[in-house]
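Residue numbers (our numbering): -11 to 481.
Every residue gets a Cβ at the ideal spot worked out from N, C-alpha and C, and that includes glycine.
None of these values were measured; they are calculated from a predicted model.
Each remark here refers to the structure printed beneath this line.
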Ligand code: F6P
């Protein structure tokens, strides 16, 4: 198994002394004021979950938006703090945004334009010129924050690693001021086909911005190919399908696929700890889950995750197979997200309504079929839920990767547990031993729920073993090392 030490050694042998700068919108640690005290929250999103272990292993600086109401109180004059606070391993540098910037860049352009445009889950993207202007302004701010971290007099090689759909123009602004900085970009969400992307009024500038990077990564080859197809359709550039690269105005961008993963060993260590075992037992008692077959859904509340489809399938499952009433419980956990947006407020109300209706329809004096928690849940509780659940249900309508599937698999130390997985997730390419569903096909979904119960224990164990081998072999350290090895070619000259 590839370890964090292997990653560190790979970087040092390839690059010697280095200065790693990661840039994302979401910060890995958020300081929140709670009753006059500052507490630290760990956001649940895929990008931060994946990158935090890499930064802990390699050190460096992570630049991100300081979004917590306690964030300013704990940083130094440069907006920096060493994290994790209890055992500092790297520097978090916070970038401050005012309300107008956050509204236009994050809520508007990132989440009402790019997110629905790239996910194609039938929520119409919104194109506002004012959001686009704020997106550009904020991308410049991030670029300046990166440039201020590059010390030209030291001999270290700088790796600038931009993350996600919030940062499409950052490399362009960096290179305008310093063309020698090597920039890599990882796009964590799907890239749609050119037919879909062509409706975006700002598409050419977005593509130009991305092509300022020296390398662009996607989770799967399909999204990388979609990107190349889009470039061919939209801008004057030479594409090389052999090298998977694009040359525009003399600058080459490599286009690669790197399926992201998790720190499988760390998850297993945490899940098998005494603390998690105790918490798991407490949760079983508190939520009346003892002796029940537990289905688990764990997502940010988002319209791309297929949560209503999942609840409707569970409702139909109880209609069709009433013998399972009082024997099964569906636990749906996940934090409310981006709630200021109408599309998110709508999905939230729809889920509340469905949970209410289904519980009302099927519950008895002793039992309610769905337990729904939309509170922020600490990571150790998520691990406890992984530990006690029999089946994880992932029904995304479209998902770049979906790391919940991989986290769940990593947590199943005893090879017990089953994965129901949407065929429209990036992880479906690797996790072939899951039970696949098309979340739009409710009948098929119902049968998948049934199958996850009926499958023999031997078959379940066999499948989980294979899945665990895949996740532990292709873990997050190997992912980062593959990216860095590819990137190291740029530092030879
Ligand atoms: O999937 C890409 C991603 O960046 C995830 O890391 C995360 O779940 C989400 O998008 C961003 O969520 P948020 O808007 O809450 O940062």
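Exposure label - residue i; buried when at least 16 CB within 10 Å
{"i": "residue 344", "result": "exposed"}
{"i": "residue 50", "result": "buried"}
{"i": "residue 168", "result": "exposed"}
{"i": "residue 352", "result": "exposed"}
{"i": "residue 140", "result": "exposed"}
{"i": "residue 303", "result": "buried"}
{"i": "residue 539", "result": "Here the chain covers residues -11 to 481 and nothing more, so residue 539 does not appear."}
{"i": "residue 61", "result": "exposed"}
{"i": "residue 187", "result": "exposed"}
{"i": "residue 65", "result": "exposed"}
{"i": "residue 119", "result": "buried"}
{"i": "residue 0", "result": "exposed"}
{"i": "residue 133", "result": "buried"}
{"i": "residue 237", "result": "exposed"}
{"i": "residue 384", "result": "buried"}
{"i": "residue 266", "result": "exposed"}
{"i": "residue 354", "result": "exposed"}
{"i": "residue 179", "result": "buried"}
{"i": "residue 251", "result": "buried"}
{"i": "residue 463", "result": "buried"}
{"i": "residue 258", "result": "buried"}
{"i": "residue 310", "result": "exposed"}
{"i": "residue 375", "result": "buried"}
{"i": "residue 122", "result": "buried"}
{"i": "residue 421", "result": "buried"}
{"i": "residue 334", "result": "exposed"}
{"i": "residue 70", "result": "exposed"}
{"i": "residue 73", "result": "exposed"}
Boundaries of the alpha helix (DSSP H) in which residue i is found, first to last residue
{"i": "residue 34", "result": "34 to 46"}
{"i": "residue 1", "result": "-8 to 3"}
{"i": "residue 240", "result": "From DSSP, residue 240 is part of no alpha helix (DSSP H) but of the beta strand (DSSP E) over 239 to 245."}
{"i": "residue 407", "result": "Careful: residue 407 lies outside any alpha helix (DSSP H), inside the beta strand (DSSP E) at 406 to 410."}
{"i": "residue 50", "result": "Per DSSP, residue 50 belongs to no alpha helix (DSSP H); it is in the beta strand (DSSP E), 49 to 53."}
{"i": "residue 452", "result": "445 to 461"}
{"i": "residue 280", "result": "That residue, residue 280, is in no alpha helix (DSSP H); it is neither H nor E in DSSP."}
{"i": "residue 469", "result": "464 to 476"}
{"i": "residue 303", "result": "295 to 308"}
{"i": "residue 219", "result": "209 to 222"}
{"i": "residue 163", "result": "158 to 165"}
{"i": "residue 482", "result": "This structure cannot settle anything about residue 482, because the visible part of the chain is limited to -11 through 481."}
{"i": "residue 59", "result": "59 to 62"}
Start-to-end residues for the beta strand (DSSP E) that takes in residue i
{"i": "residue 503", "result": "The shown model of the chain, from -11 to 481, leaves out residue 503, and the question about it has no answer."}
{"i": "residue 253", "result": "First-last for residue 253: 252 to 259, but that is the alpha helix (DSSP H), not the beta strand (DSSP E)."}
{"i": "residue 96", "result": "Segment: none, residue 96 is in no beta strand (DSSP E) and carries neither H nor E."}
{"i": "residue 121", "result": "Counting along the chain, residue 121 falls outside any beta strand (DSSP E), though it belongs to the alpha helix (DSSP H) covering 117 to 135."}
{"i": "residue 82", "result": "78 to 83"}
{"i": "residue 233", "result": "233 to 236"}
{"i": "residue 352", "result": "Segment: none, residue 352 is in no beta strand (DSSP E) and carries neither H nor E."}
{"i": "residue 146", "result": "145 to 151"}
{"i": "residue 7", "result": "6 to 11"}
{"i": "residue 172", "result": "171 to 174"}
{"i": "residue 70", "result": "68 to 71"}
{"i": "residue 361", "result": "358 to 361"}
{"i": "residue 483", "result": "Residue 483 is absent from the structure shown; the chain starts at -11 and stops at 481."}
{"i": "residue 226", "result": "226 to 228"}
7 Å Cβ cutoff, residue i in contact with chain C
{"i": "residue 88", "result": "No chain C appears in this structure, which consists of one protein chain only."}
Integer-rounded CB distance, given that residue j should sit under 8 Å from residue i
{"i": "residue 215", "j": "residue 204", "result": "7 Å"}
{"i": "residue 264", "j": "residue 368", "result": "6 Å"}
{"i": "residue -6", "j": "residue 479", "result": "About 19 Å separates the two Cβ atoms, so there is no contact after all."}
{"i": "residue 291", "j": "residue 111", "result": "5 Å"}
{"i": "residue 145", "j": "residue 6", "result": "5 Å"}
{"i": "residue 202", "j": "residue 171", "result": "6 Å"}
{"i": "residue 38", "j": "residue 12", "result": "Not quite, the Cβ-Cβ distance comes to about 10 Å (not below 8 Å), so this is no contact."}
Residue i CB to nearest heavy atom of the ligand ATP below 6 Å
{"i": "residue 251", "result": "The model on display carries the ligand F6P but not the ligand ATP."}
What are the start and end residues of each continuous beta strand (DSSP E) run of 3 or more residues lying completely inside the stretch 367 to 442, in chain order?
379 to 382, 406 to 410, 423 to 425
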